[in-house]
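Below is one structure, written out as structure tokens; comments come after it.
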């Protein structure tokens, strides 16, 4: 995934109107980062941990966010699109009929 | 001709063979997996006599053919053969893979009917029941189940269906109760880990993963297991599994993820694209599905893809309209930058920053662009202009975003590096009120003060740094060195009393052994001890020998003392022979000394004769490498050539020594002999072949410098024409700059004759610089007087000039890349 906002699970925001807004948003990102590294410590998944850290560094403060927006040339990936769509998904329990069809029948 | 006759010419039909011949051919064909032929032969044998061995042979033929067909996916045909095997050979149906093929072929009714066969052995029945558990759960309600009443498939089915219904409702308590009613030997037993995984999926993925890990590999519910395993994958990784699933399983996975029905075709299409689709394919996908995607998403993704899928610009415009001008420039800058086209990228960024600078809401963006441009991006364009441009960009950035400390620091540092101390001080004055307690900025202020030789001010500032950062080792050294510098200034003015005070102050700050030795040497220089014991002790402490002598000579230059006299006072014997170890030690000190080359060369000057003699010593290859590096660093070209030559005698063609020898022509590269240039080319090839990248790069840099040095036009007229015809000396000035004094002397000698040349040179008292100036004046006069311009000497070899890469206007590139 190339989008640091999606990787940290925070909404992308580039135009904080006041310094306080920016500071508040910095804190939101920091908390998301801490949660992400708690969920995925380096000893469990080094690659993922590095991705999370790089994502945090890319958007940790207002200047970093603007810099990322200006200079990041990475192409968005299908994974980014799925992450964007998935944010609105409401996981649901499958119907018993669907379950029965997957349990039985021809594979 | 029939196929059979064509395939097997001369083979007799089975009916024509006797029994031994039939047996031999049947066994041979079976062994060769020629099942069809072997079947005919065994059938003929059985027709004549039904021996058990031949019946087994026929059964093996059917089994072999059935397996071969099943492997090709022809399950129905495989099942037919298996049934023939039962009918003709009396083998039980349930042997081998029959049950699995039945289920795979979708013949559930037949599979269930088998369960009614009371003759089935217990183990086979249990296996069949397990295999049929899934089928039984999906058994149509209107189709009767012809199963024995005691079959667990029947008796536990209600509990299994109850668990499924409860899970649909999220009734986990009810589900667990139903699952508890399923005994652990039941054919439905594997529903337990599966439904528990389902229950945990939304709340505890880790526990869900543990639950599904308990599912045995031969579970009768592999399809549900695969779906659940995909569903517990973190983030978006489940998408990769989507295209591997069958239609029902895909829909189940999308149910679990909560994907709306409208988005399902789009996601299936997305899964087929793979992880890294070609940018243009990916762009086309987004365009195709833009109406199903949330508002703005396709547009934003397509914009970010444009630098990678340049050819889709028109398609983008058709779908979303024209890009705003600044965004257009932005994407163009990213596009050309990604393609390594620095000059047009720079131009686009500059235009974008100019445009944003005028918008009060976009100043921060503009500042970031200017700041970025001050970095490495323009380094490759022109070294000469790079620093000046960098400073300009940094100034623009600071103007728009003065709160960015790092940019302020970079600007001050760059100004200091350029010797623009007044501007650096101005920038500091503007920056410090914003960051009054910033140790980094104060440290930079110390450096600026030191560069301006304001030693006391530097020491005062350094103390401020230390108040903020008490364990900062570099600032301690800076204070000490600042005090050293001031002390040297005082020693130079023979103000020893004040110098001693400065040195005492320096002693409070410095800890490193080398600094203490320097301190002692400076103290000794302020002492009036006629025996110079202090100087001698300090020289010994600084390594003694050549290394100590070098330190002393360096210090003599700093305090404005006569080097030879000071060396004598320090007990340095310049006439003694130096061994290899002493030369290596000196080389290491030279390498480590952070002084300008001029100071290094001045300190090495009195040692030069001694070092020339020492070239005859015995050196290891590594020693000579260290020594040559030091001479290269100090631009001691003569010594460098001597030592490189000695190294090449012992290790001929060694690339690094060829490089050192060639580098000794620095400043006069055009004088490098052709033979050495050829050697250098071979050294480049060899270093490249041996993966010695460092040497290879150094040689390439040397070639680039050589090309630049030799970039004389083929015809000298082109070179001279642009010069001012009213200034006949201009050509000689140019010749002096390009070719050096020796070239000018050579030409003058030819023009004047040896006697006149030598006489004039003698009159100049051996000062080549003055002699060169005098020659130019003389030749200018002669040209004016006689009207016969002496021909400028043409250095060898002649190569075409290297044109510097011009900065193309952005508009040209934009026409190529983004002209819509």
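Protein chains in written order, with the working numbering: chain A, 1 to 107; chain B, 1 to 820. From the three backbone atoms N, C-alpha and C, an ideal C-beta is built for every residue, glycine too.
Extent of the continuous alpha helix (DSSP H) run through residue i
{"i": "residue 301 of chain B", "result": "297-305"}
{"i": "residue 471 of chain B", "result": "Neither: residue 471 of chain B is in no alpha helix (DSSP H) and is coded neither H nor E."}
{"i": "residue 176 of chain B", "result": "172-180"}
{"i": "residue 837 of chain B", "result": "Missing from the structure shown is residue 837 of chain B; chain B here goes from 1 to 820 and no further."}
{"i": "residue 317 of chain B", "result": "313-320"}
{"i": "residue 598 of chain B", "result": "597-604"}
{"i": "residue 40 of chain A", "result": "No alpha helix (DSSP H) contains residue 40 of chain A, which DSSP labels as neither H nor E."}
{"i": "residue 155 of chain B", "result": "152-155"}
{"i": "residue 504 of chain B", "result": "496-509"}
{"i": "residue 35 of chain B", "result": "35-48"}
{"i": "residue 232 of chain B", "result": "Run containing residue 232 of chain B: none; DSSP gives neither H nor E here."}
{"i": "residue 674 of chain B", "result": "674-689"}
{"i": "residue 23 of chain B", "result": "19-31"}
{"i": "residue 71 of chain A", "result": "62-71"}
Closer than 7 Å to chain A by CB, residue i
{"i": "residue 302 of chain B", "result": "no"}
{"i": "residue 134 of chain B", "result": "yes"}
{"i": "residue 463 of chain B", "result": "no"}
{"i": "residue 13 of chain B", "result": "no"}
{"i": "residue 131 of chain B", "result": "no"}
{"i": "residue 162 of chain B", "result": "no"}
{"i": "residue 356 of chain B", "result": "no"}
{"i": "residue 202 of chain B", "result": "yes"}
{"i": "residue 168 of chain B", "result": "yes"}
{"i": "residue 321 of chain B", "result": "no"}
{"i": "residue 823 of chain B", "result": "Outside the shown range of chain B, which is 1 to 820, sits residue 823 of chain B, and nothing can be said about it."}
{"i": "residue 378 of chain B", "result": "With a pLDDT of 43 at residue 378 of chain B, under the threshold of 50, the modelled position of this residue cannot be trusted; read the value that follows with caution. Closer than 7 Å: no."}
{"i": "residue 517 of chain B", "result": "no"}
{"i": "residue 435 of chain B", "result": "no"}
{"i": "residue 257 of chain B", "result": "yes"}
{"i": "residue 261 of chain B", "result": "no"}
{"i": "residue 216 of chain B", "result": "no"}
{"i": "residue 184 of chain B", "result": "no"}
Closer than 7 Å to chain B by CB, residue i
{"i": "residue 20 of chain A", "result": "no"}
{"i": "residue 28 of chain A", "result": "no"}
{"i": "residue 34 of chain A", "result": "no"}
{"i": "residue 49 of chain A", "result": "no"}
{"i": "residue 11 of chain A", "result": "no"}
{"i": "residue 79 of chain A", "result": "yes"}
{"i": "residue 4 of chain A", "result": "no"}
Environment of residue i [buried if 16+ CB atoms lie within 10 Å]
{"i": "residue 108 of chain A", "result": "The shown model of chain A, from 1 to 107, leaves out residue 108 of chain A, and the question about it has no answer."}
{"i": "residue 474 of chain B", "result": "exposed"}
{"i": "residue 609 of chain B", "result": "exposed"}
{"i": "residue 788 of chain B", "result": "Caution applies to residue 788 of chain B, whose pLDDT of 37 falls short of 50 and renders its modelled position unreliable; the value that the coordinates give is listed next. So residue 788 of chain B counts as exposed."}
{"i": "residue 690 of chain B", "result": "exposed"}
{"i": "residue 198 of chain B", "result": "buried"}
{"i": "residue 520 of chain B", "result": "buried"}
{"i": "residue 674 of chain B", "result": "exposed"}
{"i": "residue 310 of chain B", "result": "buried"}
{"i": "residue 67 of chain A", "result": "buried"}
{"i": "residue 251 of chain B", "result": "buried"}
{"i": "residue 18 of chain A", "result": "exposed"}
{"i": "residue 318 of chain B", "result": "exposed"}
{"i": "residue 344 of chain B", "result": "buried"}
{"i": "residue 109 of chain B", "result": "exposed"}
{"i": "residue 4 of chain A", "result": "buried"}
The ligand ZN heavy atom lying under 6 Å from the CB of residue i
{"i": "residue 583 of chain B", "result": "Judged by which ligands are present, the structure shown has none, so any question about the ligand ZN falls away."}
Original post:
Touching or not, the segment 437-444 of chain B and the segment 407-423 of chain B, by the rule of three or more beta carbon pairs under 8 Å?
Top reply: yes
**OP:** Give a yes or no on contact between the segment 468-484 of chain B and the segment 500-509 of chain B, applying the rule of three or more CB pairs nearer than 8 Å.
**Re:** yes
Original post:
With a cut-off of 8 Å, do at least 3 Cβ pairs link the segment 582-591 of chain B to the segment 521-540 of chain B?
Top reply: no
**OP:** Give a yes or no on contact between the segment 184-192 of chain B and the segment 80-87 of chain A, applying the rule of three or more CB pairs nearer than 8 Å.
**Re:** no
Original post:
So, do the segment 216-231 of chain B and the segment 52-71 of chain A have three or more beta carbon pairs nearer to each other than 8 Å?
Top reply: no
Subject >> the segment 81-103 of chain A: positions lying closer than 9 Å to chain C by Cβ >> reply: Here chain C cannot be found, since the structure's protein chains are A and B.
**OP:** State whether the segment 251-265 of chain B contacts the segment 222-232 of chain B, with contact taken as three or more CB pairs (one from each stretch) at a distance under 8 Å.
**Re:** yes
**OP:** Would you check if the segment 18-31 of chain A and the segment 87-94 of chain A touch, i.e. whether three or more CB-CB distances between them fall below 8 Å?
**Re:** no
Original post:
Is the number of C-beta pairs between the segment 96-114 of chain B and the segment 123-139 of chain B that are closer than 8 Å three or more?
Top reply: yes
**OP:** Give a yes or no on contact between the segment 167-178 of chain B and the segment 141-153 of chain B, applying the rule of three or more CB pairs nearer than 8 Å.
**Re:** no
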